[in-house]
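Following the working numbering, the numbering of the sequence shown begins with 500 at its first residue and continues without gaps.
Have a look at the structure below before the remarks.
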Amino acid sequence: MKRIFRYFLQGLLYVAPLGLTFYIIYLVFTFVDVFIRDAVIKWFGVNIPGIGVMAMFLIITFLGFIGGALFLNPVKRLIDTLMEKAPFLNLIYTSIRDLISAFVGK
């Protein structure tokens with residue numbers, strides 16, 4: 500019985516972040532969709548279907564750009580600099596990085 504409960508908790512740990520992510524995206528999408536649609540109707544008097552989807556796409560793309568520019572690139576440069584100083588770790592790190600980039604790309 501203990502083992503089943505432990506497996507249940509492990510499964511919950513795997514599923515919960517994914518479920519919460521989808522739920523938060525749904526809440527944000529609903530909020531942005533209603534907000535944008537009401538603003539467009541108020542300002543222009545026109546209901547444009549899909550304006551919320553387009554707005555969410557632009558917002559998420561912008562956040563990805565900002566996140567990459569402000570956080571990811573400096574951290575990546577720091578890790579690359581640290582790995583260059585460790586000869587054996589540098590060999591492993593660059594091999595794995597090249598292998599992953601061959602499949603995933605940049």
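Where is the CB? At the ideal position from N, CA and C, for every residue including glycine.
Bear in mind the structure is a predicted one, so any value in this text is a computation, not a measurement.
Taking all protein chains in view, the Cβ of G551 is crowded by 16 or more other Cβ atoms within 10 Å, so the residue is classified as buried. Per DSSP, the continuous alpha helix (DSSP H) segment holding I503 begins and ends at 501-543. In terms of CA proximity to Y525, F556 leads the group F556, G563, R596. Taken through DSSP and simplified to helix, strand or coil, I547 comes out as coil.
Going by DSSP, K584 is part of no alpha helix (DSSP H) at all; its letter is neither H nor E. Counting only residues of its own chain and dropping the five nearest sequence neighbours on each side, V539 has a CB closer than 8 Å to the CB of V545, N546, I547, I550. At a Cβ-Cβ threshold of 8 Å, N572 and M582 do not count as neighbours.
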